[in-house]
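Okay, so the sequence shown: first residue is 23 according to my numbering, each after it adds one.
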Amino acid sequence: MPRSDCAACGNEYYWDMTQENEAENSSSSCPHCEFLLAAIKTIIEAENYQGKAITSIYVSNDPTVAKNPGFTSAWLSNGGYTALRRLIIEFCGVLKPEVDGATWNLPSPLLENHISGQTDSDRAFDWARNCFETCQSQHTKCKLIRDSTSRLPEINGGRPRRLLDLQDVHPSDDSRSFVKISEGVEESEPYTCLSYCWGPPPHFTLNSGNYQQMVSGLPLQSLPRALRDVMQFARRLSFRWIWIDALCLIQDDKDEMSEEIKRMGSIYNSAALTFSLETAIAACDGFYKNAHAKHRGMIPIGAPEEAYRLYKGVLVRKMLDHTLFQQFDNSTDTDHTDLNPLHTRAWVLQETMLSRRLLAFSGQELTWDCVEATACECSYMNRQMGTLQRSIIHNTNTLQDIPKEMLHGTLRSQTNIYSSWSRLLEMYCRRKLTVSSDRESGMMGLVWKYEMLLNDKLIAGMWSKHLRHSLCWWIDGSKARGYRSIWPTWSWLAAVPGEGAYLVTAEREPSARDTEFRICVMSGGDSLHTYRESKYYLEVAGTLVTATSGQKAPNNDGLFGAELEVHGQTLWWCLDQEYDPDIAGYWKLKVLLLGMDGEYYVFLMLNTIHDEAGVYERVGFGHTDIDIWTEAEAKPQGFKII
């Protein structure tokens, strides 16, 4: 522990280990300071900050500042208190005290697990096998899911049409291994899945031309590296069957693809285990990675002999990049998106969320996630996640969890499920789709799961029982965007955020105030087809106020929108799409009151499509503390939004 008589580490919150204080720290003969300073400098040297000399080091003593008692949190700077860069280090041991005589009289950090740093090592495999076997034998909730009614019933029980047979795959010899596809596999047979990035073409896929060859058997060596690796790993775990989309779906059969895409969520939900290849940007990349020495553990260089004696066998490492949980953590200088390309893909969100068990191969270690446990080789996740708080993703701003227990039906409370959907939707819309028309189908499995949880129906992206809340979305960003005409303008599915823009949803539903909505389906000869391809429209009874919108500009929060003039009042609203005001420089619009959120009036902006017929389209969203509707003495009326 830090010494109270040390001028540096006795500080309650942090101590300054800058160059000018180094002599004072050393003269105190505090082994804590000496060892910790040597450890930090060792990692700084390994980080290679491209010639930027670190002149100031501030180290936290307060666990609330360090965020976790198992870490030492340092802030580095090359210019006093400016340009601070956060560095989190951990200590790990390579000796066993009872065997090797190591003291391990550590300072404040807890002892972390030493990792091999090689995801293809026997040690890593043993760790993965132990996680799986422990889950199978000891996790009550995970056992319940096996026979649970929480599966997705709409999709044929969730079993894939065909699977890859690994019976002739040798765990360590490509040259003697063959793989083939089989249909009609017994439902009692457990299978695994792979979640990965295809990468740029050419792709090795199943098609009508090579189908018979795949049935007969294909040499394992003919497949991309990542696919070979995962098949051999699955075989080492004694699995015979695996589902991989590229090799189990006939890619040039449009009818099959259309049907099977709807089953994707159920296929992952029914798998005994999903392998997640997080770091490879293509199937041809290797499955396994080696961690840099700074993450495996390094001997602190420059500490006095007394410090080495006290901390015998202790290594220092930079905290590993747990990208699945930290990709939206701005407190570090790490670009987690580059480290984890898999989780930039929209399809992967439901693959990850709906998998009962997930074994992820990162660039530094293996990680495990199931309903009852979240773990990694270095033990960071083991401590961070509480039993009822375990999750696959975090909300981007508030770290509000979406528990896997909820998605798999083992958490009975449905508190804030609608709110968790909003967070999930924001996450999904920030991710990339190779085919933009997949936007709805890319999360269909999650939609079915939430429909079961909520006893509600999602229509055109809107919850039928909470339509008012579903309408409260907007686009945050200033880049050009447009509409997808196959979806109604009031649905988030129609919005196309430009580069640097993203979808935002309201945290809670506004209270009703004189406005009623109903989703309707157009008939075959409906005149509304003249204005839009979508088959859905909103039938509304509400109050409209005429307004003039002009200059486009950001508001105080940085959101991009336009000013709105109505009855002498100036409001601001957020645009769903780019628009060009007419030559006079203004745009006549209608303002529809959605309801109240506390003291604020929540409203939609509508553009007139056909005034006499009462047909409008949505063009934006906003809120204000000014009641323009009462002042205008407007009366409720009936109309349609397409």
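We treat Cβ as the ideally placed atom computed from N, Cα and C, and that holds for glycine.
- At the C-beta level, Ala302 and Ala248 come within 8 Å of one another.
- With a cutoff of 8 Å on beta-carbon distance, Val191 and Arg257 are scored as near each other.
- Counting only the Cα atoms, Gln140 lies some 5 Å from Asn312.
- Restricting attention to Asp498, Leu493, Glu529 and Ala534, the CA atom closest to the CA of Trp514 is found in Leu493.
- Here the alpha carbon of Val336 sits roughly 10 Å from the alpha carbon of His136.
- In this structure Leu228 is not in contact with Ala293, their Cβ atoms being roughly 18 Å apart against a cut-off of 8 Å.
- Per DSSP, reduced to three states, the secondary structure at Cys164 is helical.
- Judged by DSSP secondary structure, Thr527 falls within the beta strand (DSSP E) whose first and last residues are Tyr524 to Thr527.
- By DSSP's assignment, Met618 forms a beta bridge with Ser533 and Tyr623.
- Shown here, Arg107 sits in a strand according to DSSP, grouped into three states.
- Secondary-structure assignment with DSSP links Met484 through a beta bridge to Ile481.
- The C-alpha of Pro182 is placed about 12 Å away from the C-alpha of Glu278.
- Rounded to the nearest whole angstrom, the CA to CA distance from Asp478 to Glu531 is 16 Å.
- For Arg640, the enclosing beta strand (DSSP E) stretches over residues Val637 to Thr646.
- Taking Tyr440 as the centre and dropping the five residues before and after it, the same chain places the C-beta of Leu476, Trp485, His488, His491 and Glu531 closer than 8 Å to its C-beta, in chain order.
- By DSSP's assignment, Phe297 forms a beta bridge with Leu216 and Leu381.
- A straight-line Cα-Cα distance of about 10 Å links His365 and Ser298.
- Under the DSSP assignment, Leu98 falls in the beta strand (DSSP E) whose first and last residues are Thr94 to Ser99.
- Cβ-Cβ separation between Phe309 and Phe383: approximately 6 Å, consistent with a contact (criterion under 8 Å).
- Assigned with DSSP and collapsed to three states, Thr456 falls in coil, not helix or strand.
- Here the alpha carbon of Pro223 sits roughly 28 Å from the alpha carbon of Leu376.
- Note on Asp391: 16 or more other CB atoms within 10 angstroms of its CB, so buried under the neighbour-count rule.
- By the beta-carbon neighbour count (other beta carbons within 10 angstroms, threshold 16), Ser95 is buried.
- For Thr568, the closest alpha carbon among the candidates Ala656, Leu455 and Arg452 is that of Ala656.
- Here the C-alpha atom of Tyr233 lies approximately 15 Å from the C-alpha atom of Ser244.
- By a beta-carbon distance limit of 8 Å, Ile62 contacts Ile111. Their separation comes to about 6 Å.
- When DSSP reads this structure, Gly564 sits in a beta bridge with Gln659.
- According to the DSSP secondary-structure assignment, Thr396 is paired through a beta bridge with Asp391.
- Within 10 angstroms of the beta-carbon of Ala534 lie fewer than 16 other beta-carbons, which makes it exposed.
- A residue is called buried once 16 or more other Cβ atoms fall within 10 Å of its Cβ, and Pro246 is buried on that count.
- Look at Asn629 here: in three-state DSSP terms it is strand.
- Annotation: Lys202 is outside any alpha helix (DSSP H); the continuous beta strand (DSSP E) that includes it extends over Phe200 to Glu205.
- Taking Met449 as reference, the option from Leu525, Leu188 and Ala395 with the minimal CA-CA separation is Leu525.
- Looking at Thr162, Ser204, Lys612 and Glu585, the one whose alpha-carbon comes closest to that of Tyr638 is Lys612.
- The alpha-carbon of Pro363 is positioned some 30 Å away from that of Gln158.
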